[in-house]
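Chains as they are written, first to last, in our numbering: chain A, 651 to 968; chain B, 651 to 968.
Number of protein chains: 2
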Amino acid sequence: MDNSRPALAIDIGGTKLAAAVADPGGRVVTRDRTPTPVGLDAEQLWRTLEALFTGVLEQAGIHDPAELAGVGCGCGGPMEWPAGVVSPLNMPGWRAFRLRARLARALPGLPVRVHNDAICVAAGEHWRGAGRGHANMLGMTVSTGVGGGLVLDGRLVNGSSGNAGHIGHIVVEPDGPLCGCGGHGCVEAIARGPALAAWAQEQGWRPGQLDATARELAGDAAQGHPVGLAALRRAGRALGIGIASATSLCDLEVVAVGGGLSQAGPLLFDPLEQALREHARLDFTRQVQVVPAALGQSAGLVGAAALILAADRYWSPD
Amino acid sequence: MDNSRPALAIDIGGTKLAAAVADPGGRVVTRDRTPTPVGLDAEQLWRTLEALFTGVLEQAGIHDPAELAGVGCGCGGPMEWPAGVVSPLNMPGWRAFRLRARLARALPGLPVRVHNDAICVAAGEHWRGAGRGHANMLGMTVSTGVGGGLVLDGRLVNGSSGNAGHIGHIVVEPDGPLCGCGGHGCVEAIARGPALAAWAQEQGWRPGQLDATARELAGDAAQGHPVGLAALRRAGRALGIGIASATSLCDLEVVAVGGGLSQAGPLLFDPLEQALREHARLDFTRQVQVVPAALGQSAGLVGAAALILAADRYWSPD
Chain A
651 MDNSRPALAI DIGGTKLAAA VADPGGRVVT RDRTPTPVGL DAEQLWRTLE
701 ALFTGVLEQA GIHDPAELAG VGCGCGGPME WPAGVVSPLN MPGWRAFRLR
751 ARLARALPGL PVRVHNDAIC VAAGEHWRGA GRGHANMLGM TVSTGVGGGL
801 VLDGRLVNGS SGNAGHIGHI VVEPDGPLCG CGGHGCVEAI ARGPALAAWA
851 QEQGWRPGQL DATARELAGD AAQGHPVGLA ALRRAGRALG IGIASATSLC
901 DLEVVAVGGG LSQAGPLLFD PLEQALREHA RLDFTRQVQV VPAALGQSAG
951 LVGAAALILA ADRYWSPD
Chain B
651 MDNSRPALAI DIGGTKLAAA VADPGGRVVT RDRTPTPVGL DAEQLWRTLE
701 ALFTGVLEQA GIHDPAELAG VGCGCGGPME WPAGVVSPLN MPGWRAFRLR
751 ARLARALPGL PVRVHNDAIC VAAGEHWRGA GRGHANMLGM TVSTGVGGGL
801 VLDGRLVNGS SGNAGHIGHI VVEPDGPLCG CGGHGCVEAI ARGPALAAWA
851 QEQGWRPGQL DATARELAGD AAQGHPVGLA ALRRAGRALG IGIASATSLC
901 DLEVVAVGGG LSQAGPLLFD PLEQALREHA RLDFTRQVQV VPAALGQSAG
951 LVGAAALILA ADRYWSPD
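Below you can see the structure in the form of structure tokens.
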């Protein structure tokens, strides 16, 4: 592969669409984003995305696809992987949308690789962020959901359907709250932002705004609100137990935690650490380190670029 | 590599030492075993092992190490990996014993690879047993402990210290019984044979023999003893929840369960399946299949041979 060409990176989520040109070292050269349109049909959504990445390519002075090494794209799941046929939960306009094929048609002659957004975030954090230099990492996003991606023995793990890394559905309380997946007591059922806010309201917390958010709850916790603090302890404990289990199973060195809720800082990370250390007691599991993610909003784009620019570690199905 | 030579395979456990010559396809040509000596010092243990594998090589008509492709060895942990410096929990005579170096000195000029015994069992089941043809498998052993090994994206996963696969320390009941690791509510704390027998005795089960074993308990359960049945349900549930978590995290296709307790059959596997299906509710996790291990006592030897004979999939640190 010609290692001198940049990649087009695309990150498709329920709240925003983002595109960037990344240089071969994974640095973002140009980028742009737009809120994910609501209420549009499949073709209208596609045209919004196409306008976005066309603009980014123009901005980077790229007029011919042949100037690119390829196209990497992260997208909300579920999807058929590696076919790149996507049905993002939060984008009802796309159901079994042939995203990979459409990208390949728009930018002919290039490798086009689509993967789950949480996996791209983990790949980005591993390649250029908090997991750099560690061969065994779990990258987590704690936000509206709890997602993740695994890098083991120096390679991104896909699993049988491209869904490896779903730390959000590790069970931490078998008789606990119902999860969106239909199970009970998953990490996500307890630690996702909306679950946290709902739990706090049950405990008597009264948000200032109509749409009670975990962000507001974390803000109140920072001011010392006891229910806010208890909610973050509860989430931290669930995350810590889930991380302990993942560490035992995968012999991890580092867990990078990002996403909106991770902004709560020590109010979340302290109880997380406490639960983790209570449960990770084997010599090898004690070694694991939990660190904040380093790339913020860029992680998904950098990871999408990695599918092309560092394919030896981050892409295996071809 | 010359693909026509056999490997010497060695399996070192707390109850038995085994050695075999395996042909390049992983079939055992000759084998022998002996109970693990109790009360011997490090050198006496080594001489017992050396006599065992020397006999097996003679039996196979191998008089020169150059006739072998290499030596693969599974050994009880913990160990320094890949250095092969071992301190098997159940063999107090070996503490920081330089097993790999000793094997290399005894059989000069060959690659010598030592890995955790549970990982060798999983590798064996993947290469030649119940996991054959599946790129994503967890191999489990449910016995005195609960161990395992992971194959993901077609390769054996090592993790940062060669300890990946420790399904026994996934947490399934955070406030549950104390585990040997120091944590609480690990799969192993509930489902290991001795824990099961102890729990049953607390519930009023009276074993016929002084050393109440899970085997006897399973026998009583098969006769309809209600505490025996409850004990197997309890173990099955813990295993099922642990497998659900592992499936979510690793996107597994198949889980192969072996070890003494797996002989209990449907009395264990039915509650295991029930708990698994209650908790594995995502489209991709529903696909996972739990199957009995296929190789029995040979799995560890076959997996040890795989470290040499199928190193592209089962050995990466060199």
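For each residue, glycine too, the CB sits at the ideal point set by N, CA and C.
On a predicted model such as this, the values are computed, not experimentally measured, just so you know.
Assignment of residue 748(A) by DSSP, reduced to helix, strand and coil, places it in the strand class.
Distance check between residue 880(B) and each of 914(B), 894(B) and 899(B) places 914(B) closest, using alpha-carbon atoms only. Listed along chain A, the residues sitting closer than 8 Å to residue 823(B) by beta-carbon distance are 824.
Contact between the segment 810-825 of chain A and the segment 884-893 of chain A is present, with at least three C-beta pairs closer than 8 Å. Contact of residue 903(B) with chain A by beta-carbon distance below 8 Å involves 810. Here residue 717(A) has 655 as same chain residues with Cβ atoms under 7 Å from its own Cβ, once five neighbours each way along the sequence are excluded. Residue pairing of residue 766(A) in beta bridges, as defined by DSSP: 725(A). Per the coordinates, the alpha-carbon of residue 668(A) lies some 18 Å from the alpha-carbon of residue 754(A). DSSP places residue 952(A) in no beta strand (DSSP E) but in the uninterrupted alpha helix (DSSP H) bounded by 949-959.
Residue 685(B) is a Cβ neighbour of residue 666(B), given a cutoff of 8 Å. In the displayed model, residue 720(A) falls within a strand according to three-state DSSP. Around the beta carbon of residue 929(A), a 10 Å sphere encloses 16 or more other beta carbons of the protein chains shown; the residue is thus reported as buried. Within the segment 667-719 of chain A, the complete beta strand (DSSP E) runs of at least 3 residues fall at 678-685. Secondary structure at residue 820(A): coil, using DSSP grouped into helix, strand and coil. Just so you know, the alpha carbons of residue 942(A) and residue 867(A) end up roughly 20 Å apart.
Residue state for residue 661(B) is assigned as strand, using DSSP reduced to three classes.
In this structure, 734(B) is the residue among 948(B), 758(B), 734(B) and 743(B) with its C-alpha nearest to the C-alpha of residue 750(B). Boundaries of the alpha helix (DSSP H) around residue 867(B): 864-872. Taking residue 853(B) as the centre and dropping the five residues before and after it, the same chain places the C-beta of 877 closer than 6 Å to its C-beta, in chain order. Per the C-alpha coordinates, the member of 950(A), 900(A) and 714(A) positioned closest to residue 760(A) is 714(A). Closest by C-alpha distance to residue 779(A), out of 958(A), 953(A) and 945(A), is 945(A).
Note on geometry: alpha-carbon atoms of residue 724(A) and residue 948(A) lie some 12 Å from one another.
Of all residues in the segment 866-898 of chain B, only 891, 894, 895, 896 and 898 place a beta-carbon less than 7 Å from a beta-carbon of chain A. The beta carbon of residue 678(A) does not come within 8 Å of any beta carbon belonging to chain B, so the residue lies off that interface.
The alpha helix (DSSP H) runs of length 4 or more contained entirely in the segment 766-804 of chain B are, from start to end of the chain, 767-778.
Per the Cβ contact rule, the segment 769-787 of chain A is not in contact with the segment 922-937 of chain A (fewer than 3 Cβ pairs under 8 Å). For residue 785(A), a Cβ of chain B is located within less than 8 Å of the residue's own Cβ. Setting aside the 5 residues that flank it on each side, residue 851(A) is surrounded in the same chain by 857 and 862, each with a C-beta closer than 8 Å to its C-beta; the list follows chain order. In the three-state DSSP reduction, residue 929(A) falls in the helix class (H, G or I). Boundaries cannot be given for residue 967(B), as no alpha helix (DSSP H) includes it and DSSP labels it neither H nor E.
In the three-state DSSP reduction, residue 906(A) falls in the strand class (E or B). Residue state for residue 807(B) is assigned as coil, using DSSP reduced to three classes. Under the Cβ criterion of 8 Å, residue 928(B) is counted among the residues facing chain A. Listed along the chain, the chain A residues whose CB falls inside 8 Å of the CB of residue 765(B) amount to none; the nearest CB is some 13 Å away. In the three-state DSSP reduction, residue 736(A) falls in the strand class (E or B). Two segments are said to touch when three or more pairs of C-beta atoms, one from each, lie closer than 8 Å; by this definition the segment 896-905 of chain B touches the segment 804-818 of chain A.
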